[in-house]
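Worksheet: one structure, shown below.
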Amino acid sequence: MKSIRCVLLFCCAVALAPGEALAQLVPNLGGQRAGISAFQFLKLGVGARGVAMGESFVAVANDASALYWNPAGLVQFAENQLLASHTEYVADIKHDYLGLVYHLSEGDAVGVSFASLHMADMEITTETEPLGTGRFFSFGDIGLGLTYAKRMTDQFSFGATVRYAEETLDVLKMRSVMVDLGTYYWTGLGNARFAVVISNFGSDVAPSGKVTRIDGTSVDAFQSFSLPTVFKLGLAMDPVQTEDQRLTVSVQLNHPNDNAENLRLGAEYAWQNVFFLRGGAKRTIGQPLFGADATSEESFMLGAGVRLATSVSTIGADYAFASFGRLGSVHRISVSCTY
398 MKSIRCVLLF
408 CCAVALAPGE
418 ALAQLVPNLG
428 GQRAGISAFQ
438 FLKLGVGARG
448 VAMGESFVAV
458 ANDASALYWN
468 PAGLVQFAEN
478 QLLASHTEYV
488 ADIKHDYLGL
498 VYHLSEGDAV
508 GVSFASLHMA
518 DMEITTETEP
528 LGTGRFFSFG
538 DIGLGLTYAK
548 RMTDQFSFGA
558 TVRYAEETLD
568 VLKMRSVMVD
578 LGTYYWTGLG
588 NARFAVVISN
598 FGSDVAPSGK
608 VTRIDGTSVD
618 AFQSFSLPTV
628 FKLGLAMDPV
638 QTEDQRLTVS
648 VQLNHPNDNA
658 ENLRLGAEYA
668 WQNVFFLRGG
678 AKRTIGQPLF
688 GADATSEESF
698 MLGAGVRLAT
708 SVSTIGADYA
718 FASFGRLGSV
728 HRISVSCTY
């Protein structure tokens with residue numbers, strides 16, 4: 398319990414510290430690590446709810462999107478759920494996600510998920526034909542996941558996901574199997590909960606296939622890359638909780654292996670558990686908490702949602718807007734239902 402309290406105090410200190418102090422507490426090492434990992438689509442948030450809360454969701458994770466955010470979250474809700482999510486990302490990239498959660502018992506749940514990133518075919522250009530050759534190539538990613546979660550005690554839950562991912566770039570392919578591990582802990586301090594997650598943990602990968610150069614020679618051996626592993630610490634609580642209203646706030650510290658450490662902040666207001674308003678922000682460690690983040694185009698997120706109960710199911714619809722500065726904006730929609 399003493400160690401848990403120390404971690405909670407650390408998270409609070411990170412959330413409240415000014416930019417200069419934060420840079421000393423957790424140094425920014427992103428410049429040395431940027432661009433070293435593959436399967437970047439695995440870092441795209443799933444579900445408009447979690448994204449609208451600034452992607453500060455590992456300690457909330459109480460719906461089917463927990464398949465992505467924190468596998469231990471599958472036992473934080475009682476209903477079997479189906480979730481479908483679609484993202485209009487920058488540069489005309491599309492991202493789709495489908496997740497299904499089934500509860501084996503009150504304390505055991507399983508889930509399956511499918512993710513796809515795709516875009517329109519692009520024309521091939523070469524040094525001698527810079528305007529295009531008339532031939533096209535495709536790019537896309539897919540991910541298939543199987544998740545299991547168990548409530549170990551009334552306060553502590555654990556979950557794990559095994560995921561197969563595949564990336565196709567014209568004639569080249571990369572394939573890998575990885576795991577997500579998540580914990581979810583009700584601290585006993587009011588309704589505060591604490592979560593620790595490690596995502597996309599596995600071995601390095603290298604492309605397979607053969608590329609023919611313009612001079613006719615071929616290459617079939619390529620450099621290997623690490624997976625986009627991320628270690629996350631999250632804390633969430635409901636400072637306002639009445640019969641009609643609820644306010645959830647969350648803070649999350651992300652430590653990726655291929656970029657700078659960053660802080661995620663999020664909030665959700667619920668009225669009668671029917672209408673929802675959400676907001677969130679991302680700040681790179683060392684940047685000011687209030688103001689522009691000079692190291693990242695990603696800044697703030699906003700969203701809303703609605704839940705409607707019918708005689709056979711509860712249906713939800715959510716929307717999230719994310720600002721990416723000079724890159725434009727990203728729009729997400731997701732729908733869910735119980736069964």
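Here the numbering used here = 1-based position in the sequence shown + 397. In this text, a Cβ means the ideal position worked out from N, Cα and C, and glycines have one as well. If you're wondering where the values come from, they're calculated on a predicted model, not measured in any experiment.
Rounded C-alpha distance that separates residue i from residue j
{"i": "ILE730", "j": "THR614", "result": "46 Å"}
{"i": "GLU503", "j": "ASN459", "result": "14 Å"}
{"i": "TYR494", "j": "PHE438", "result": "11 Å"}
{"i": "ALA667", "j": "THR523", "result": "54 Å"}
{"i": "GLY579", "j": "GLU526", "result": "50 Å"}
{"i": "VAL732", "j": "GLY444", "result": "8 Å"}
{"i": "LEU514", "j": "GLN552", "result": "36 Å"}
{"i": "ALA512", "j": "SER726", "result": "21 Å"}
{"i": "HIS728", "j": "SER605", "result": "33 Å"}
{"i": "GLY663", "j": "VAL648", "result": "6 Å"}
{"i": "TYR470", "j": "PHE718", "result": "Strictly speaking, residue 470 in this sequence is Gly, with Tyr absent from that position. Rounded to the nearest angstrom, the two C-alpha atoms are 24 Å apart."}
{"i": "SER573", "j": "SER535", "result": "20 Å"}
{"i": "ALA691", "j": "LEU660", "result": "14 Å"}
{"i": "GLN421", "j": "GLY496", "result": "With a pLDDT of only 40 at GLN421, under 50, the local geometry of the prediction cannot be trusted, and the value read off the model is given with reservation. Distance between the alpha carbons of GLN421 and GLY496 is about 40 Å."}
{"i": "ALA431", "j": "ALA481", "result": "31 Å"}
{"i": "ILE611", "j": "MET519", "result": "18 Å"}
{"i": "ALA517", "j": "TYR486", "result": "13 Å"}
{"i": "PRO636", "j": "ASN588", "result": "8 Å"}
{"i": "ARG548", "j": "ARG723", "result": "44 Å"}
{"i": "ASN425", "j": "PRO653", "result": "Note that ASN425 scores 49 on pLDDT, short of 50, meaning its location in the model is unreliable and no value can be drawn from it."}
{"i": "GLY677", "j": "ASN651", "result": "15 Å"}
{"i": "MET634", "j": "MET450", "result": "13 Å"}
{"i": "ALA418", "j": "TYR736", "result": "Note that ALA418 has pLDDT 43, beneath the 50 cutoff, so the model's placement of it is unreliable and the number below is only indicative. Going by the C-alpha atoms only, they are around 48 Å apart."}
{"i": "TYR581", "j": "LEU644", "result": "20 Å"}
{"i": "LYS570", "j": "SER621", "result": "12 Å"}
Any C-beta of chain B under 8 Å from that of residue i
{"i": "GLY432", "result": "Given the protein chain composition of this structure (a single chain), no chain B is represented."}
Local conformation of residue i per DSSP, three classes
{"i": "GLY447", "result": "helix"}
{"i": "GLN473", "result": "helix"}
{"i": "TYR736", "result": "coil"}
{"i": "PHE673", "result": "strand"}
{"i": "LEU463", "result": "Checking the sequence, you will find Ala at residue 463 rather than Leu. Helix, per DSSP."}
{"i": "ASP567", "result": "coil"}
{"i": "ASP493", "result": "strand"}
{"i": "ASN425", "result": "Per-residue confidence for ASN425 stands at a pLDDT of 49, beneath the threshold of 50, marking its modelled position as unreliable; no derived number is given."}
{"i": "GLN642", "result": "strand"}
{"i": "PRO468", "result": "helix"}
{"i": "GLY587", "result": "coil"}
{"i": "ALA534", "result": "Here residue 534 turns out to be Phe, not Ala, going by the sequence shown. In the structure shown, PHE534 sits in a strand (DSSP, three-state: E or B)."}
{"i": "LYS440", "result": "helix"}
{"i": "VAL559", "result": "strand"}
{"i": "ARG723", "result": "helix"}
{"i": "ALA488", "result": "helix"}
{"i": "MET575", "result": "strand"}
{"i": "ASP617", "result": "coil"}
{"i": "ASN659", "result": "strand"}
{"i": "ILE611", "result": "coil"}
{"i": "VAL507", "result": "strand"}
{"i": "THR525", "result": "coil"}
Exposure label - residue i; buried when at least 16 CB within 10 Å
{"i": "LEU528", "result": "exposed"}
{"i": "ILE682", "result": "buried"}
{"i": "GLY585", "result": "exposed"}
{"i": "PHE673", "result": "buried"}
{"i": "LEU705", "result": "exposed"}
{"i": "ASN670", "result": "exposed"}
{"i": "TYR812", "result": "No answer is possible for residue 812: the residues shown for the chain start at 398 and end at 736."}
{"i": "GLN684", "result": "buried"}
{"i": "ARG532", "result": "exposed"}
{"i": "ALA689", "result": "exposed"}
CA nearest to the CA of residue i, picked from the options
{"i": "GLY508", "options": "ILE521, VAL568 and LEU543", "result": "LEU543"}
{"i": "ARG675", "options": "LYS629, ALA431, GLY447 and GLN473", "result": "GLY447"}
{"i": "PHE619", "options": "ALA603, LEU497, GLY537 and ASN656", "result": "ALA603"}
{"i": "THR626", "options": "CYS734, ASP505 and GLU658", "result": "GLU658"}
{"i": "ASP489", "options": "GLY537, LEU644, ASP505 and ALA449", "result": "GLY537"}
{"i": "ASN751", "options": "ALA633, LYS607, MET575 and ARG590", "result": "One cannot answer for residue 751 here, as it falls past the ends of the chain, which runs 398 to 736."}
{"i": "THR550", "options": "ARG643, GLN473, SER693 and HIS492", "result": "GLN473"}
{"i": "VAL646", "options": "THR558, PHE591 and LYS491", "result": "PHE591"}
{"i": "GLU695", "options": "PHE436, ALA435, GLY442 and SER434", "result": "GLY442"}
Would you be able to state if there are at least three C-beta pairs under 8 Å between the region 461–474 and the region 684–704?
-> In this structure the region 684–704 does not touch the region 461–474; the number of beta carbon pairs closer than 8 Å is below three.
Stretch-stretch touch, CB-based, cutoff 8 Å, three pairs: the region 475–485 with the region 562–575 = Contact between the region 475–485 and the region 562–575 is absent, because fewer than three Cβ pairs lie under 8 Å.
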